[in-house]
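Working notes, beginning with the structure itself.
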Amino acid sequence: MDAVNDAANHPAETVPGPRSADPAGDADHSETTGGQPDRQGGHRLYPRVTSFRARRGAISPARQGSWDEMWPVIGKDVSDEKLDADAWFGRKAPLIIEIGCGTGTATAAMAQAEPEFNLIGIEVYKPGLAQLVQRVEREGIQNIRLLRGDAVDVLENMIAPESLTGVRVFFPDPWPKARHHKRRLLQPETFALIATRLIPGGVLHVATDHADYAEWIGTYGNKEPQLIGMNEPTGGDPEAYKNKAPIGFERPITKFENKGLRAGSAITEFIWGKIES
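So, in structure tokens, the structure goes:
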């Protein structure tokens, strides 16, 4: 299942730009060293990254109409320009980023349940983003903005240090084959990068239904010295933190997750807080 937002586990798509050779002989997916965009020849919206697979998909005329109307207002492509979130949202509010928002089922639900937060979704898959853009327009959701591009690129180049109250990563692609583990989003370096972008006391919330990836996430997340566990899988006591944490620990369960639960998938949730000095 691996996809609460229906966009975490897509078949590969040919994307612009050259490919690196895979020493394991697998050339189905674009990739690069360390999740960095190929600024020499690759298209930055589809950098040769290791952490996602893009997917083909048509956009209906109605969704294209919503995209043309709304994207210039609520969407941006990845760039080197530092983000002024307060100006973009037109208000000052705590900022949460969701990495891999997919078609936005959970994103929209969280935004509507948490109107006091500004929420930015990061995704590379345009048809999924277009579905969320259409919902934002239809339901008049005011506190969602969207960034199209690789999350590591966005965090490194657009997000200021200590500017995020929360980061959410729900059901990232597990890349289950051992030779593909280098493509997983949540590497030690990514945990460190996310921690630098969180405010002191800010929260990183991760969920997966893949047992091997859960072990991987727990191992590397718990080794990050800037983070402290806030729930049982991270070695923390949720009762000691959830009432004082700056964001809630709950998340919506979508039909895709329910399907996995009915099939017997076990969900593991990890919640860390950035250590306050």
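Going by UniProt numbering, 85 is the number at position 85 of the sequence shown; the sequence numbering is gapless. All C-beta atoms in this analysis are idealised placements derived from N, C-alpha and C, irrespective of residue type, glycine included. All figures in this text were calculated on a predicted structure; none of them were measured in a lab.
Alpha-carbon spacing of E81 relative to R262, whole angstroms: As a position in the sequence shown, residue 81 is number 81, starting the count at 1. As a position in the sequence shown, residue 262 is number 262, starting the count at 1. Approximately 44 Å, taken between the alpha carbons.
Item to complete: Within its chain, find whatever has a CB closer than 8 Å to the CB of P238; leave out the 5 residues flanking it on each side and keep chain order.
Response: Stepping through the sequence shown from its first residue, residue 238 is reached at position 238. Cβ neighbours of P238 beyond the five flanking positions: M230, N231, E232, F249, I271.
I need the straight-line Cα distance from A106 to R135, nearest angstrom please. For the purposes of this step, residue 106 is taken as residue 106 along the sequence shown, with counting starting at 1. For the purposes of this step, residue 135 is taken as residue 135 along the sequence shown, with counting starting at 1. Cα to Cα, A106 sits roughly 12 Å from R135.
Cβ neighbour criterion (16 or more within 10 Å) applied to G202: Reading the sequence shown from its first residue, position 202 is the one you call residue 202. The residue in question, G202, is buried, as its Cβ has 16 or more Cβ neighbours within 10 Å.
Just list the beta strand (DSSP E) runs in the segment 171-217, keeping only unbroken ones of 3 residues or longer that don't cross its boundaries, in chain order. 198-208
- prompt: Between which two residues does the alpha helix (DSSP H) carrying R145 extend?
  reply: Taking the sequence shown and counting its residues from 1, one reaches residue 145 at position 145. No alpha helix (DSSP H) holds R145; the beta strand (DSSP E) holding it covers 144-148.
query: For the candidate residues T219, A245, N243, I247, whose alpha-carbon lies nearest to that of G235?
result: Taking the first residue of the sequence shown as position 1, residue 235 is located at position 235. For G235, the nearest C-alpha among the options comes from T219.
* Asked: Mind checking A24: buried by the 16 CB within 10 Å criterion, or exposed?
  -> Here residue 24 corresponds to residue number 24 of the sequence shown, with the count starting at 1. Reliability fails at A24, whose pLDDT of 32 lies under 50, so the model's placement of it is uncertain and the value that follows must be treated cautiously. So A24 counts as exposed.
Self-check item: DSSP-derived helix/strand/coil call for K242
Solution: Taking the first residue of the sequence shown as 1, we reach residue 242 at position 242. K242 falls in the coil class under three-state DSSP.
For V154, I'd like the list of residues in its chain whose CB is within less than 6 Å of its CB, leaving aside the five on either flank, ordered along the chain. For the purposes of this step, residue 154 is taken as residue 154 along the sequence shown, with counting starting at 1. Closer than 6 Å at Cβ, skipping near neighbours: V78, I122, L147.
**OP:** Look at the Cβ atom of P94, then the Cβ atom of T196, and state whether they are nearer than 7 Å.
**Re:** Sequence index remark: in the sequence shown, residue 94 carries index 94 (1-based). Sequence index remark: in the sequence shown, residue 196 carries index 196 (1-based). No, the pair does not count as a contact, with Cβ atoms beyond the cut-off.
_Just verifying my parser: in three-state terms, what is the DSSP assignment at E257?_
Within the sequence shown, the letter at position 257 stands for residue 257. In the structure shown, E257 sits in a helix (DSSP, three-state: H, G or I).
Buried versus exposed, by CB contacts within 10 Å (16 or more), K274: If you number the sequence shown from 1, residue 274 lands on position 274. Buried, because 16 or more other Cβ atoms sit within 10 Å of the Cβ of K274.
To the nearest angstrom, how far is the alpha carbon of A113 from that of R179?
Taking the first residue of the sequence shown as 1, we reach residue 113 at position 113. Taking the first residue of the sequence shown as 1, we reach residue 179 at position 179. Approximately 40 Å, taken between the alpha carbons.
TODO: Output the boundary residues of the beta strand (DSSP E) element that contains E98.
DONE: One-based indexing of the sequence shown puts residue 98 at position 98. Residues 95-99.
Next on the checklist: Residues in the same chain with beta-carbon distance under 8 Å from A207, minus the five sequence neighbours each way, listed in chain order, please.
Outcome noted: Within the sequence shown, the letter at position 207 stands for residue 207. Excluding positions up to five away in sequence, the list reads V4, V169, F170, F171, R251, I267, T268, E269, F270.
Cutting at 6 Å between CB atoms, please list the residues of its own chain near I228, excluding the five before and the five after it. Sequence index remark: in the sequence shown, residue 228 carries index 228 (1-based). These residues qualify, in order along the chain: G273, I275.
**Item:** Whole-number beta carbon distance between I99 and R58, since they are thought to touch under 8 Å
**Value:** For the purposes of this step, residue 58 is taken as residue 58 along the sequence shown, with counting starting at 1. For the purposes of this step, residue 99 is taken as residue 99 along the sequence shown, with counting starting at 1. Here the sequence assigns Ala to residue 58, which means Arg is not the residue at that position. Not a contact, Cβ separation roughly 25 Å.
- Item | K274, DSSP secondary structure in three states | To locate residue 274, count along the sequence shown from 1; it is residue 274. The answer is strand: DSSP assigns K274 an E or B state.
Best match in W67, A211, G65, T254 for proximity to P176 [C-alpha to C-alpha] = Reading the sequence shown from its first residue, position 176 is the one you call residue 176. The option with the nearest alpha carbon to P176 is A211.
- In terms of residues, what are the limits of the beta strand (DSSP E) holding L83? Looking up residue 83 in the sequence shown gives position 83. Looking at the DSSP string, L83 is not in any beta strand (DSSP E), and its letter there is neither H nor E.
- Taking R184 as the reference, which of Y213, V167, I159 has the closest Cα? The count along the sequence shown starts at 1 and reaches residue 184 at position 184. Minimum Cα distance to R184 is reached at Y213.
| In the structure shown, what three-state DSSP assignment does R168 receive? | Along the sequence shown, read from residue 1 onward, the residue named residue 168 stands at position 168. It is a strand residue.
Leaving out the 5 sequence neighbours to the left and right, which residues in its chain are closer than 8 Å to N258 when beta-carbon positions are compared? Position 258 of the sequence shown, counting from 1, holds the residue named residue 258. Nothing listed; no residue qualifies.
Item checked: Neighbourhood of H205 by C-beta, 6 Å cutoff - its chain only, sequence neighbours within 5 removed -> Numbered from its first residue, the sequence shown carries residue 205 at position 205. So the list reads R168, I271, once near-sequence residues are dropped.
- Query: How big is the Cα-Cα spacing for A130 and N143?
  - Reply: Here the question's residue 130 lines up with position 130 in the sequence shown. Here the question's residue 143 lines up with position 143 in the sequence shown. Between A130 and N143, the C-alpha separation is close to 17 Å.
Measure the alpha-carbon distance for A85 versus N118 and round it to whole angstroms. Within the sequence shown, numbered from 1, the residue matching residue 85 stands at position 85. Within the sequence shown, numbered from 1, the residue matching residue 118 stands at position 118. Near 8 Å, if we compare the C-alpha coordinates of N118 and A85.
(Q) Just to check my reading of the structure: S66 and E137 have Cβ atoms closer than 8 Å, yes? What is that Cβ distance to the nearest angstrom? (A) To locate residue 66, count along the sequence shown from 1; it is residue 66. To locate residue 137, count along the sequence shown from 1; it is residue 137. Correct: roughly 5 Å between the Cβ atoms.
inquiry  = Rounded to whole angstroms, what is the Cα-Cα separation between A109 and F256?
reply    = Sequence index remark: in the sequence shown, residue 109 carries index 109 (1-based). Sequence index remark: in the sequence shown, residue 256 carries index 256 (1-based). Near 14 Å, if we compare the C-alpha coordinates of F256 and A109.
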